[in-house]
Structures are given as C-alpha cells and as structure tokens.
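What follows is a single structure, written as structure tokens, with notes after it.
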Amino acid sequence: MTSAQQRSGSFWERIEAQLAETDPDIEIERDAFYSQPEWDVFRMRYTSTGGHRLFAWLSVPHGDGPFPALVRMPDYASVHDIIYTPLRERAVVMNATHRGQRNSDGLVRASYPGLLTDGIDGAETYTLFGAYADALRAVDVLGRQNIAELSGVIALTGAGLGASLALATAARRPAVSAVAADTPLALGHPSALEPGLGYPLAELGDHLRANPGSENAVAAVLSVVNPLNDAPAVGCPVLMSAGRFDRSVCPLAFAEELAVALPECDFRVYDGAAEGGGHIHGQVRGPWLAARLGLEVS
Numbered sequence: 127m128t129s130a131q132q133r134s135g136s137f138w139e140r141i142e143a144q145l146a147e148t149d150p151d152i153e154i155e156r157d158a159f160y161s162q163p164e165w166d167v168f169r170m171r172y173t174s175t176g177g178h179r180l181f182a183w184l185s186v187p188h189g190d191g192p193f194p195a196l197v198r199m200p201d202y203a204s205v206h207d208i209i210y211t212p213l214r215e216r217a218v219v220m221n222a223t224h225r226g227q228r229n230s231d232g233l234v235r236a237s238y239p240g241l242l243t244d245g246i247d248g249a250e251t252y253t254l255f256g257a258y259a260d261a262l263r264a265v266d267v268l269g270r271q272n273i274a275e276l277s278g279v280i281a282l283t284g285a286g287l288g289a290s291l292a293l294a295t296a297a298r299r300p301a302v303s304a305v306a307a308d309t310p311l312a313l314g315h316p317s318a319l320e321p322g323l324g325y326p327l328a329e330l331g332d333h334l335r336a337n338p339g340s341e342n343a344v345a346a347v348l349s350v351v352n353p354l355n356d357a358p359a360v361g362c363p364v365l366m367s368a369g370r371f372d373r374s375v376c377p378l379a380f381a382e383e384l385a386v387a388l389p390e391c392d393f394r395v396y397d398g399a400a401e402g403g404g405h406i407h408g409q410v411r412g413p414w415l416a417a418r419l420g421l422e423v424s
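In the numbering used here, the protein residues as written are 127 to 424.
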C-alpha cells in the first residue's frame, strides 16, 4: 500500500469515527409555500462532524410508499435551491448542502472563490474536507428520517464537486444503487494543479503562485480525495459526463482515467466544456435515473 493510499484510508477512517460520535439531531418542518398537490416539501436540519448544523430540502410524494430516493449532492456554489425534477412525483428527493453554504453556514461561511483553498496548508485545517463528511451524513440521515417510507433504492446525482462527493459516498455506502456524475471535480488528482486552468480549479493555481514551493505539500493534502482512490469501490452503475474542452472542472484526460477505473461506467463525452453536455446530457440523465430508481421511463 502506498503512502497516498494510507493517508486516504486514515482520512476516511477519521471521518467515519467522527460521524459515529455525532448525534445527527434531525429536525424536519413542512414548508407550506413550496409544497404542491403532488408532493410535500420539508426543511430538514441535522448535525454533521464538528457540530456543523446543515440544511437540506426534502420533497416527498403524496400517496403510499415505500418510495425510491434521489439525493443531489451539492456543487461548488453558495446557494442550493429546490431542484426541479419530474421524478419528484414518484420519488423522495433530497437536495443536500455542505458546511459553509447558505443555510449551513452557522459556524463557517464559505467564500466563492476562496473555499477551494481555505486552510489548504494542512489536512486538519482544510475547510472543504468537511463537505465529504457532510455528503456521507446526508445519505445517513435520509435513511433515519421518519417522514417518508423508503424502498431502499437510493440514487445520487451531482455536478462538479457534487459529482465527486456522490462517487466518494457511493464507495462507502453500499445502499447507493446508482450515481449520475456530471463532470466530477478533479480535486485531489494531479491534473487539478496544472497551470492555465479556469475557475474553480484556477483557485489552486492562484494559491501556488502566491506560495512558491508549496505544490508538493498541497498535492499531498488533496491526494486523499482523489476520485481515482475511490473508483474501484463504487459497486453501482455510474453515468458520467465530460466536456471535451473542459479546463476548469473535469479535464478530459482525468475523466477518461476515472471512467476506466470505475467498475461499471456509462461515459458520455460532449463537444463542450465544463457544462459536460448541458441540456443534451440532461435528456440522457433523466431516463437513466428513472430506470435505476425502478420508475417507469416516460
């Protein structure tokens, strides 16, 4: 086992231990404004490692369960509103956030740009590592809430950082049945430190220019969340998209390497950049998720 693998193993063991020691203290409140005749919307709050109080939207179809569930992992952005998906009429849909994002910023308020390098000098201080704990916690509290009866079929989706969080979670939560990962963020992979990238990965280049000689240390800190570390452990089908000309989120060479490392990956490459196919891929993703959730594809 390499030193990088050992660091990654220790990193995740520490997160799991911290989660086990933290009472999620779940609170759920119906939101009358956003609820519709076909589903109810709830404001969900729960606690993650470090005492961070997190927020998520939860929508539950009317009618008798059990229902499959879809969790959207948060992208690299400050605000995450209720997502629109026609699956909401037939599946429980959770839109999770991570610490620092709005409504989950009681202890730390993330800056954009800035979060990608906040505390990056050490694994103990790097703020964004908390998002990986928060992703695991989201799936865990979904299974523990008492508002909706779940069928046990859970799919994850996400773009950019959200896609990487979804893959990392699927590698550690066997209950996850499928992952739709759009342009996974290359954080932790050597390609994320290449010169000339666009934002958000350019934040790392900014840090390296401002701190000459720090590249090896930064690479070592980030290596524990390299998506390639987790890929072999993802035991469910993955639909992954990438843009052929992406130089800001998911460089194509990284995406190709990741697709090969995943045991079961339907990899789609589009003639675009960080949008990874955009609306066109959305027409693929929707039916793919519905099928994996056991829902009739319309």
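We put the beta carbon where it would ideally sit given N, CA and C, even for glycine. Since this is a predicted model, take the numbers as computed values, not measurements.
Bridge partners - residue i, DSSP secondary structure assignment
{"i": "phenylalanine 193", "result": "Leu276"}
{"i": "alanine 307", "result": "Gly284 and Met366"}
{"i": "tryptophan 165", "result": "Pro187"}
{"i": "arginine 171", "result": "Glu153 and Phe181"}
{"i": "alanine 198", "result": "It should be noted that the sequence gives arginine, not alanine, for residue 198. According to DSSP, arginine 198 bridges with Asn221 and Thr283."}
{"i": "valine 234", "result": "Note: valine 234 sits in no beta bridge, so no partner."}
{"i": "valine 347", "result": "In DSSP, valine 347 forms no bridge with anything."}
{"i": "valine 302", "result": "Ile280"}
Cα-Cα separation between residue i and residue j, rounded to whole angstroms
{"i": "leucine 327", "j": "glycine 189", "result": "44 angstroms"}
{"i": "glycine 322", "j": "proline 239", "result": "16 angstroms"}
{"i": "leucine 330", "j": "serine 237", "result": "14 angstroms"}
{"i": "glutamine 144", "j": "aspartate 151", "result": "15 angstroms"}
{"i": "arginine 394", "j": "aspartate 207", "result": "27 angstroms"}
{"i": "leucine 233", "j": "alanine 285", "result": "25 angstroms"}
{"i": "glycine 404", "j": "alanine 318", "result": "22 angstroms"}
{"i": "alanine 379", "j": "alanine 304", "result": "23 angstroms"}
{"i": "arginine 216", "j": "aspartate 247", "result": "45 angstroms"}
{"i": "alanine 357", "j": "alanine 385", "result": "8 angstroms"}
{"i": "glutamate 147", "j": "isoleucine 280", "result": "24 angstroms"}
{"i": "valine 267", "j": "isoleucine 154", "result": "11 angstroms"}
{"i": "proline 353", "j": "phenylalanine 159", "result": "38 angstroms"}
{"i": "glutamine 162", "j": "leucine 282", "result": "23 angstroms"}
Endpoints, alpha helix (DSSP H) assigned at residue i
{"i": "threonine 295", "result": "287-296"}
{"i": "alanine 261", "result": "255-270"}
{"i": "glutamate 382", "result": "378-387"}
{"i": "isoleucine 154", "result": "No alpha helix (DSSP H) holds isoleucine 154; the beta strand (DSSP E) holding it covers 153-156."}
{"i": "alanine 417", "result": "404-418"}
{"i": "leucine 354", "result": "353-356"}
Start-to-end residues for the beta strand (DSSP E) that takes in residue i
{"i": "aspartate 392", "result": "391-396"}
{"i": "asparagine 221", "result": "218-222"}
{"i": "leucine 180", "result": "179-187"}
{"i": "glycine 332", "result": "Here residue 332 turns out to be aspartate, not glycine, going by the sequence shown. Taken as a continuous stretch (DSSP letters only), aspartate 332 belongs to no beta strand (DSSP E), being part of the alpha helix (DSSP H) at 328-336."}
Where residue i falls, given that 16 or more other Cβ within 10 Å makes a residue buried
{"i": "alanine 222", "result": "buried"}
{"i": "proline 363", "result": "buried"}
{"i": "arginine 198", "result": "buried"}
{"i": "alanine 312", "result": "buried"}
{"i": "tyrosine 172", "result": "buried"}
{"i": "histidine 178", "result": "buried"}
{"i": "glycine 256", "result": "buried"}
{"i": "arginine 418", "result": "buried"}
{"i": "glycine 269", "result": "exposed"}
{"i": "alanine 195", "result": "buried"}
{"i": "alanine 346", "result": "exposed"}
{"i": "serine 230", "result": "buried"}
Other residues of its chain near residue i: CB distance less than 7 angstroms, five sequence neighbours each side excluded
{"i": "tyrosine 258", "result": "Ile141, Leu291, Ala294 and Val351"}
{"i": "alanine 182", "result": "Met170, Met220, Asn221, Ala222, Thr223 and Ala264"}
{"i": "arginine 235", "result": "Gly226"}
{"i": "proline 192", "result": "Glu275, Leu276 and Ser277"}
{"i": "proline 377", "result": "Ala312 and Ser317"}
Cβ neighbours of residue i in the same chain (closer than 6 angstroms, five flanking residues each side left out)
{"i": "valine 205", "result": "Arg228"}
{"i": "proline 389", "result": "none"}
{"i": "arginine 411", "result": "Ala306"}
{"i": "leucine 287", "result": "Asp201, Tyr202 and Leu311"}
{"i": "glycine 324", "result": "Arg373 and Ser374"}
{"i": "alanine 381", "result": "Ala368"}
Close Cβ partners of residue i (< 8 angstroms) along its chain, the five nearest in sequence each way excluded
{"i": "arginine 214", "result": "Glu164, Trp165, Ser185 and Pro187"}
{"i": "leucine 242", "result": "Tyr202, Leu254, Leu313, Pro326, Leu327, Glu329 and Leu330"}
{"i": "histidine 407", "result": "Asp308, Ser367, Arg394 and Tyr396"}
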